[in-house]
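K.L.:
Provided herewith is a single structure, encoded as structure tokens, for subsequent inquiry.
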Amino acid sequence: MKSRDESIGEAAARFGLDTHVLRYWEDEGLLRPDRDGAGRRRYGEDDAVRIAVILRNKAAGLSLEQIRVLLDDDAPDRHRVLEEHVAELDRRAADIAQARAMTEHALRCRSHDITQCPRFRSHVADVLSGEARWLLLHTEPTGGTVGTSPPARDGAN
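Its first residue numbered -6, the sequence shown is counted upward by one per residue in the working numbering.
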């Protein structure tokens, strides 16, 4: 379905991107635009769909490595990568719901110092007790390969 034929500048402008982003994604194996007789990139509608998929999935938190697996119809670990990402999205949704509940409570709480309110504190009890492993799971960059777990916590801070 390569009906639309856009230059790299036109395709980049269509999505609000700089042209170097499309070149980088091509270098990373995410895009494979056709070339015209002079060797210039030509982006069809299938390429536009791939760009849209990349943008949507980057916004959802997937790495380019994960997106590459998603777009590779021969990737043997596609389902594993996607299942791991769904689990991460669920965790983030739970974090957002907890943050929302804290904010809503803070809006209605009569306590002058919100951190002294027992009900407000209940929202961070798991972090205070160490059950949430907050620092390792939520603030440290994970690095490494897709699907690696953060290092075990030794209890020292």
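Even for Gly, the Cβ is constructed at its ideal location relative to N, Cα and C.
#1: Would you tell me roughly how many angstroms separate the C-alpha atoms of D11 and R34, rounded to the nearest one?
#2: Note down, in chain order, each residue of its chain lying with its Cβ closer than 6 Å to the Cβ of A118, except the 5 sequence neighbours on either side.
#3: Could you name the residues of the same chain whose beta carbon sits closer than 7 Å to that of D(-2), not counting the 5 residues immediately before and after it, in chain order?
#4: Quick one: what does DSSP say E21 is sitting in, helix, strand or coil?
#5: How should D40 be labelled, buried or exposed, when 16 other C-beta atoms within 10 angstroms of its C-beta is the threshold for buried?
#6: What does the alpha-carbon distance come out to for the pair I44 and R71?
#7: Would you report the Cα separation of A52 and P26, rounded to the nearest angstrom?
#8: According to DSSP, simplified to helix, strand and coil, what is D40?
#9: Since L100 contacts L64 with CB under 8 Å, what's their CB separation in whole angstroms?
#10: Using a 10 Å radius around the Cβ and a threshold of 16 neighbouring Cβ atoms, would you call Q59 buried or exposed?
#11: What does the Cβ neighbour count give for L55, buried or exposed, with the cut at 16 atoms within 10 Å?
P.N.:
According to the structure data:
#1: Distance between D11 and R34, taken at the CA atoms: about 15 Å.
#2: none
#3: R35 and G37
#4: coil
#5: buried
#6: One C-alpha to the other measures close to 19 Å.
#7: 23 Å
#8: helix
#9: About 43 Å separates the two Cβ atoms, so there is no contact after all.
#10: Of the residues assessed, Q59 falls on the buried side of the cut-off, its CB having 16 or more other CB atoms within 10 angstroms.
#11: Buried, because 16 or more other Cβ atoms sit within 10 Å of the Cβ of L55.
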